[in-house]
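Notes follow once the structure below has been shown.
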Amino acid sequence: MNQQFRFGHFNYLPPVVKNLLIINGLFFVATFLLGGKFGIDLTRYLGLHYWTSHFFMPHQIVTHMFMHGGLAHIFSNMFALWMFGSVLENVWGPKRFLLYYLVTGIGAAVIFNLTKMYDVWHLSQALSPEGLELVKNEGWKAWEEGKNFTDPALAKLNATLNGPVVGASGAVFGVLLAFGMLFPNTYIYLYFAIPIKAKYFVMGYGAIELFLGIQNNPGDNVAHFAHLGGMLIGYFMIRYWNKRNRNTFY
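This is the structure in structure tokens:
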């Protein structure tokens, strides 16, 4: 059966969700203020880079979750965090919810970097040894100056190696997965008009992300496998918690 709680005591803006919204908002404002006034590119330091990139630093595995590329990006992520995360925090409590959020976000980053290894290998096959050396030695310098190679193959590999990934989407997709598992028959109103049960919404969304990730459209700059990574890590976390306490879920 579904997890139950008393709606009379429901907190519509619980503390962890509230603070995550504030932190993400502050990082978003700081990104544009520092970039515009002082020329400091926070995305380079806090966005997630591929693990062999010159720009990679370990803290990026966490900090990338608080960076966003635009207003639509942060709004969609924060709206979903509030919509589904508030319910989960009321059910789980702040400590468990924060642990889940951070672990799914970090797990998504790790899985995304692992899947990126295939992209790097695949793109490398089309280049000569000289081309690979050129990207390795000069690519990050060009990227640092806001430039890239004119040759499409070199440019694509360089962007894959040195381009940052930002956003809370991995953790948010983990939150969405958890909502679908805890409340599978709850209706979600797609586009605020079309009712669909949470379990079908989550499965459909996951299938779309998998299709788009495998398709690997050159013009698609969305980290689909990071989204799927957050869902995968979330699934295993919930299954583990469910084994320890059979009354926690369904």
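Going from the sequence shown to my numbering is simple: count from 1 and add 774. Virtual Cβ for every residue (Gly too), placed ideally from N, Cα, C.
With a cut-off of 8 Å on Cβ pairs, the segment 1000 to 1018 is in contact with the segment 867 to 881, counting three or more such pairs. In the three-state reduction of the DSSP assignment, I885 falls in the helix class, which pools H, G and I.
Excluding its 5 nearest sequence neighbours in each direction, N887 has C-beta neighbours in its own chain below 7 Å: Y824 and W825, listed in chain order. The segment 945 to 1011 contains, as complete alpha helix (DSSP H) runs of 4+ residues, the segments 972 to 989 (chain order). Residue nearest to G1003 within the set G937, T805, A933 and K890 is K890 (criterion: CA-CA distance). The beta-bridge partner set that DSSP reports for L822 consists of V939.
Boundaries of the alpha helix (DSSP H) harbouring Q834: Q834 to T837, taken from the DSSP string. In the structure shown, the three-state DSSP call for P788 is coil.
N932 is positioned such that its CB atom lies no closer than 8 Å to that of V946. For the set F801, P789 and N851, the Cα lying nearest the Cα of G948 is the one of N851. By the Cβ neighbour-count rule, M831 is exposed, with fewer than 16 other Cβ atoms within 10 Å of its own. Straight-line measurement puts the Cα of L800 at about 14 Å from the Cα of G941.
Following the DSSP letters along the chain, one finds M852 inside the alpha helix (DSSP H) bounded by residues L845 to W866.
Here F858 has V949, L950 and F953 as same chain residues with Cβ atoms under 6 Å from its own Cβ, once five neighbours each way along the sequence are excluded.
With a cut-off of 8 Å on Cβ pairs, the segment 794 to 810 is not in contact with the segment 902 to 921, counting fewer than three such pairs. Rounded to the nearest whole angstrom, the CA to CA distance from L807 to K1017 is 47 Å.
Less than 8 Å separates the beta-carbon of N798 from that of F840. Within the same chain, Cβ atoms closer than 6 Å to the Cβ of A929 are found at N922 and F923, the five residues on either side in sequence being excluded. Annotation for K910: the continuous alpha helix (DSSP H) segment containing it runs P903 to E918.
By alpha-carbon distance to G821, the top candidate from N936, L986, I1007 and A972 is N936.
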